[in-house]
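S.K.:
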Amino acid sequence: MAYTPQQRRQHIKDLQRMLYGISFFDERIPVVYPDGIYGRETAFAVRAFQHTNGLRPTGEANSATWEKLRDEYKDKIAKSANPLHAYPSNTINIGLNDEGLAVYIIQVLLKLLNVSFDNLTDVEVTGRYDTATEKAVRAFQRRSGQPQTGKTDIDTWNLLVATSHHEA
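Heads up: the sequence shown begins at 0 in numbering that gives the first Met the number 0, then just goes up one per residue.
1) How would you write the range of the alpha helix (DSSP H) that residue 150 sits in, first residue to last?
2) Kindly indicate which three-state DSSP category residue 127 falls into: helix, strand or coil?
3) Quick check on the DSSP output: the alpha helix (DSSP H) that includes residue 20 runs from which residue to which?
4) What would DSSP say about residue 105, mapped onto helix, strand or coil?
5) Check whether the region 124-134 and the region 95-112 touch, using three or more Cβ-Cβ pairs below 8 angstroms as the test.
6) Using the rule of at least 16 other Cβ atoms within 10 Å of the residue's Cβ for burial, across every protein chain shown, is residue 39 buried or exposed?
7) What does the Cβ neighbour count give for residue 53, buried or exposed, with the cut at 16 atoms within 10 Å?
8) Identify, in the order they occur along the chain, each residue of the same chain with its Cβ nearer than 7 angstroms to the Cβ of residue 171, setting aside the five sequence neighbours on each side.
9) Do you know how far the Cα of residue 6 is from the Cα of residue 154?
10) How many angstroms separate the CA atom of residue 44 from the CA atom of residue 97?
11) Roughly how many whole angstroms lie between the Cα atoms of residue 121 and residue 55?
12) Can you tell me whether DSSP reads residue 98 as helix, strand or coil?
13) Just the C-alpha distance for residue 63 and residue 92, rounded to the nearest angstrom, thanks.
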């Protein structure tokens, strides 16, 4: 099956997100930031993953590597008790039209807070930072005394995690 350039980039980002998540639990896996480009850093991280998991270390993500990576990622993330480490970077602001694991987590945290605080906007958990998510983040920022940007930076993230953990 032939992929479009956009589909290929998305598959690479998915691979990089899984490697990124696993790197928090296994220091032998180098940190790779999801940019959708299969460069030297990604190949190096794939090779390290393959080596530590008994796969032939080629640096190429074949189906055996992909399946093992997916299984390890699900296993590690499901057992994770500290969601703070899922935030991509201290310098990134997550906002409108962004997608991915961090957005899922933001939406789940907002949903948890909505149960405790009836004046926060409810959001659908889609993994896409839509206008409803932006509105809910802005409302949370207003209630917590933060600048009301509607974007999730590291400070908003940490406050969301701490508040939802305290309320849950």
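We put the beta carbon where it would ideally sit given N, CA and C, even for glycine. Here the structure is a predicted model, which is why all the values come from computation and not from measurement.
M.R.: Reading it off the structure:
1) Counting from one through the sequence shown, the residue named residue 150 turns up at place 151. It is not in any alpha helix (DSSP H) - residue 150 carries neither H nor E in the DSSP assignment.
2) By 1-based counting over the sequence shown, the position of residue 127 is 128. Strand, per DSSP.
3) Your numbering for residue 20 matches position 21 in the sequence shown. First-last of the alpha helix (DSSP H) with residue 20: 4-22.
4) For this step, residue 105 is matched to residue 106 along the sequence shown. Looking at residue 105 - three-state DSSP - the assignment turns out to be helix.
5) yes
6) Along the sequence shown, one-based indexing puts residue 39 at 40. Under this definition residue 39 is an exposed residue.
7) Here residue 53 is taken as the residue at index 54 of the sequence shown, counted from 1. The residue is exposed, with fewer than 16 neighbouring Cβ atoms inside 10 Å.
8) The requested residue 171 does not occur in the structure, where the chain is confined to residues 0 to 167.
9) In the sequence shown, counting from the first residue as 1, residue 154 sits at position 155. In the sequence shown, counting from the first residue as 1, residue 6 sits at position 7. Spanning the two alpha carbons is a distance of roughly 32 angstroms.
10) What you label residue 44 is simply residue 45 of the sequence shown in a count that begins at 1. What you label residue 97 is simply residue 98 of the sequence shown in a count that begins at 1. When rounded, the distance between both Cα atoms is 24 angstroms.
11) As a first step, residue 121 is located in the sequence shown; it is residue number 122 there, counting from the start. As a first step, residue 55 is located in the sequence shown; it is residue number 56 there, counting from the start. The alpha-carbon atoms of residue 121 and residue 55 are separated by roughly 46 angstroms.
12) The residue you call residue 98 lines up with position 99 of the sequence shown. Strand.
13) To locate residue 63, count along the sequence shown from 1; it is residue 64. To locate residue 92, count along the sequence shown from 1; it is residue 93. Residue 63 and residue 92: Cα-Cα distance of roughly 34 angstroms.
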